[in-house]
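Q:
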Amino acid sequence: MTGAKKPFSDPFRYPLIITPDKLVIPSSGHLDVQMKNPTHKPINIYCKLVSYGFNMWHLKDGKEDDEIIHSEYNYEDYKYSWPLEYADKEMNKMFSYELRPGEVFYFRIKYEDQFDGEKEKLYFSELEGYLLIKCEVNIPFKAPGETEFQLTAKKVFPLTADPEKLKIIKENFAEHQKKRKRMARVRKIELKEDEPPSHYECECHLETDNREHGDLFREEIEGRNRKVFEKYGSKIDSFTDEEIKKLKEGYTEEVRKEVERKHISYTYMSLKKTRQKSEKGKTEVVEDKKESVRKEAKEEKKEEKKK
């Protein structure tokens, strides 16, 4: 007679208990989900939410907490990257956690209510999307020379929602995709002046030690692209490439003048400081000579008195 299988005796078994097992976000606005570890081993969890319409929060003592859950990529790290790799990176919510034996982890999936601001600039491939939960368990290995091996299992949970609620999200998603296409078109139309000028290697344009030469120029180019995008919006769809190019050239001239002004100002201040140091050095030499003459005069008077 064979006994029941112990946990992890089957490598294809998914060890976590997810409640509810189907992720349907109700019209009330959120769904509370729990993950339980029913085994006798700690389980390392890697969880990722891929969705435009939903967001995810950790529940700590029944309250939403954002210490554990974070974006897969940091917006600031890719804000002005070149050639704008950030624009093509999918931005997902994710977290990792070690679930102890018998422990339950609580989190909440909510309808997204912020579609402007930073999220407007991000890339999303899925409207409703899915939740991916990956589990890893370290198992002792008794063979000589080996200490342990790892069992890995992952499962995808599709996200669905109330049809009426999804209408608004679908409208926002469609508009989001249109805006991304417009911005991509504005970026694609390059100018011959888009190469960083040589004086961008001057220290006046290197605001941090780790900023590479020309990064500030690229930042200003992206700022120019966004000015065109934000000012003209949907009108861009009716513009020819040549018209967009002329708009960008106007902003480029403004940027270049500001750069030259900053460079000239920095050069002038550097020369002024150098001159001041030089003059200060000369003054110190003269003062030293005067002091030396005074000391010699005092010594001579002392000698005369002795005589």
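In the numbering used here, the protein residues as written are 16 to 322.
Just so you know, even glycine gets a beta-carbon here, dropped at the ideal spot from N, CA and C.
Computed from a predicted model, the values in this text were never measured in an experiment.
Whole angstroms are fine: how far does the CA of E205 sit from the CA of E258?
A: E258 and E205: Cα-Cα distance of roughly 12 angstroms.
Q: Per DSSP, which residues does A176 bridge with? Please list them.
A: BP columns for A176 point to I40.
Q: Would you mind stating whether E143 and G44 have Cβ atoms separated by less than 7 angstroms?
A: No, the pair does not count as a contact, with Cβ atoms beyond the cut-off.
Q: Could you tell me whether any non-hydrogen atom of the ligand FMN is closer than 6 angstroms to the CB of I184?
A: Only the bare structure without any ligand can be found here, which leaves the ligand FMN out of the picture.
Q: Less than 7 angstroms between the beta carbons of I58 and V152, yes or no?
A: Closer than 7 angstroms, so yes.
Q: Does I259 come out as helix, strand or coil in the three-state DSSP assignment?
A: Here I259 sits in helix by DSSP.
Q: In the structure shown, what three-state DSSP assignment does R28 receive?
A: Correct three-state label for R28: coil.
Q: When burial is assigned at 16 or more other CB atoms within 10 Å of the CB, is A176 buried or exposed?
A: Flag for A176 reads buried.
Q: Given G248, which residues of its chain have a CB within under 7 angstroms of its CB, disregarding the five upstream and five downstream residues?
A: Answer for G248: no residue qualifies.
Q: What separation, rounded to the nearest whole angstrom, lies between the Cα atoms of I60 and K272?
A: Cα to Cα, the separation comes out at about 53 angstroms.
Q: Quick check on H191: buried or exposed, where buried means 16 or more other Cβ atoms within 10 Å of its Cβ?
A: Under this definition H191 is a buried residue.
Q: Output yes or no for whether 7 angstroms exceeds the beta carbon distance between K108 and L64.
A: In contact: K108 and L64 (Cβ atoms closer than 7 angstroms).
Q: Give me the Cβ distance between F120 and L114, rounded to the nearest whole Å; I'm assuming they're in contact under 8 angstroms.
A: Confirmed, about 6 angstroms.
Q: Taking the Cβ atom as the reference point for each residue, do K242 and Y266 lie within a distance shorter than 7 angstroms?
A: The answer is yes: Cβ separation under 7 angstroms.
Q: Which residues in the same chain have their Cβ closer than 6 angstroms to the Cβ of I148, if we skip the five residues on either side of it in sequence?
A: Excluding residues within five positions, the ones whose Cβ falls inside 6 angstroms are C62, K170.
Q: Report the CB separation of I251 from R200 in whole angstroms; it is logged as a contact under 8 angstroms.
A: Rounded, the Cβ-Cβ distance is 7 angstroms, consistent with contact.
Q: Apart from the five residues on each side of it in sequence, which residues of its chain come closer than 6 angstroms, Cβ to Cβ, to I184?
A: Counting only Cβ-Cβ distances below 6 angstroms, and skipping sequence neighbours, we find G68.
Q: Report the rounded CA-to-CA distance for Y81 versus W72, giving the unit in angstroms.
A: In the sequence on display, residue 81 carries Asp and not Tyr. Looking at the two C-alpha atoms, the distance is approximately 6 angstroms.
Q: Which same chain residues end up closer than 6 angstroms to R202 when comparing Cβ atoms and leaving out the 5 residues on each side of it in sequence?
A: For R202, where only same-chain residues beyond five positions count, the Cβ hits under 6 angstroms are N240.
Q: So what does DSSP say about Y67, is it helix, strand or coil?
A: Of the three classes helix, strand and coil, the one that applies to Y67 here is coil, per DSSP.
Q: Among the residues of its own chain, which have a CB less than 7 angstroms from the CB of D256, if the five just before and after it don't count?
A: Counting only Cβ-Cβ distances below 7 angstroms, and skipping sequence neighbours, we find I204.
Q: Go through its chain and collect everything with a Cβ distance to V48's Cβ below 6 angstroms, but skip five positions before and after it.
A: Once the five neighbours on either side are set aside, the close Cβ partners of V48 are F122.
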